[in-house]
Amino acid sequence: MGQFSFHKSERLKKEKQIKELFNKGSSFNLYPLRVLYFPNSASERHQILFSVPSRTFKKAVDRNRLKRRMREAYRLNKSSLLDAQKWMIGLIYTARETTDYSKIETAVVRAIEKLNSIPPSG
RNA sequence: AUCGCAAGCCGUCUUAUCGUCUCGUCUCGAUGCAACUCGAGGUCGGGAAGGAAAGUCCGGGCAGCAUAGAGCAUCGUACUUCCUAACAGGAAGGCCUUGACGUUAACCGUCAGGGACAGAAAGUGCCACAGAAAACAAACUACUCUCGACCGAUUUUUUCGGGCGGAGAAAAGGUGAAAAGGUGAGGUAAGAGCUCACCGCUUUGAUGGUGACAUCAAAGGCACGGUAAACCUUACGAGCUGAAAGGCCAAAUAAGCCCCGAUCUUUGGUGCGCUCUCACCAAGACGCGAGUCUGUCGAGGCGGGUAGGCUGAUUGAUGCUGAUGGCGACAUCAGUACCAGAUAAAUGAUAAGAGCCUGACGGCAACGUUAGGAACAGAACCCGGCUUACAGGCUUGCUUUUUUU
RNA sequence: GGCUCCGUAGUACAAUGGAUAGUAUUUCAGAUUCCGAUUCUGAAGAUACAGGUUCGAUUCCUGUCGGGGCUA
């Protein structure tokens, strides 16, 4: 598996895991994103989900484009995420207007740096 | 050539690097006698959003449930004929209507639009304000005198005027969206379809047309205001629920408790929203009885458990090309193609170039340089329509202005 | 994905098809007060949008736009 690939198994799909992430996970804001994280016990890999609220973006085209940009930024930068702790990560787009790819990429890079600075729990 | 309108069609492309989904193929691994099974992968090959994928406004396919018959209710549709699997869709036609042009006193004709276009002489309701009156036509004002008595003038008779009573008639009355056939002539005390001509209306008949309807003729004499996108009537149609439907596999099962209702025979219940017919079903004990207990059936709640995968699901009323039939929507036949299949949801990111559009500069022009822009919008079981959004381009028709022959 | 309901002043609600769209509150101005509050007087402010039916539409019909609710 190449270092820039992004396979299905790296996505967070099970409803139980998603509920666990939203109920027990910690979070921080990093414009234009909000990052949720929680230690992952079910998988050997980091797993991530991307979300754009339909309340703020009514057209499906806009939602899909933002999710694709977030996913692309994570795919190209995920190799810098340390493997000491396996995380479940949720990236939620909270800004009210669309932003271009470069701004999303810098936000994702800073989010990964912040996750690396968190010490692994027990 | 230019400006606008309508209809139809198209609605960016190429390359490089990294990456996603899917089908095939190959390699490796697992189980194994063997694999058609499962998993991982590849310098492998093919494919991957739209004209509206949107809104969810109609109609079907497909699936499950329900289904004894009749009537009613409810919902929908509404000029005619045809197309279609079906439709509130489409085609052709009829009628009404708006505008322009032609000719004119009009009728009429041509062209371009619009029309939810059954029934108002089956019944009910409503018609504000204004107006005499708003719906069985009657009252009021005004009108007339073949009438009556009275008063005044003249005063012999007669004649004139006035109000009162009576009779006639429904023509006039500033309103209003709408005023009870219209115009003209006759007629009359005054008038009136009272009579006549033309127009309109109604009825009947004939002819043409599949039909909506049209044309012609005769008769009736004016009754019949508008509103059905008010209730309603008539005709026709409709069982309900939607892929979170449904099927298979795996996993997990849980009894129990509470509460309400029904239940034992001249009655009650169930069966389709209601009624009728019809069919089917319906316990024991105690007690005179009311009722109580046990049981059965049904609805709800508490409690406890599972919510993962496969299928449905991408070959179809399918697309393209041609021929034939039809005014046309469309149909038939032949050939050819396989063209997304995701499921916390796949098409992206970066860079370069070509073409397109706009502005600026240079140039007579072709064109060049430079800066910017590229719409509406993302499949979610599948089709046929409708509606709405849309940068830019192409074709056809009509129109405005201008030039040449 | 499917079903369903609703759009009236800044806000919460009214209004048989009949014209000036009403009530409360809010805002503004004035009066009262030494200054405020309260109170009084006056003013401003709306039928989501576009068509149609009707003499006349907030109301009836159709289509857009927006919002809410339900649904394993």
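Quick note on numbering: the working numbering labels position 59 of the first sequence as 48, and the sequence is numbered without any gaps.
Even for Gly, the Cβ is constructed at its ideal location relative to N, Cα and C.
Pick from the options that is closest to residue i, judged by C-alpha positions
i           : options        : result
residue 32  : 58, 72, 39     : 72
residue 63  : 98, 83, -4, 25 : 98
residue 48  : 86, 66, 95, 12 : 86
residue 13  : 83, 89, 78     : 78
residue 104 : 28, 1, 88      : 28
residue 22  : 108, 100, 53   : 100
residue 89  : 45, 54, 8      : 54
Outcome for residue i when other beta-carbon atoms lying within 10 angstroms are tallied against a minimum of 16
i           : result
residue 128 : Not covered by the structure: residue 128. The range shown for the chain is -10 to 111.
residue 17  : exposed
residue -8  : exposed
residue -2  : exposed
residue 67  : buried
residue 20  : exposed
residue -10 : Only weak support exists for where residue -10 lies, its pLDDT of 44 falling under 50; the value from the coordinates is given anyway. Answer is exposed; the Cβ neighbour count stays below 16.
residue 50  : exposed
According to DSSP, residues forming a beta bridge with residue i
i         : result
residue 0 : 37
Where are the alpha helix (DSSP H) runs, 4 residues long or more, that stay fully inside the region 14 to 85, in chain order? 49 to 66
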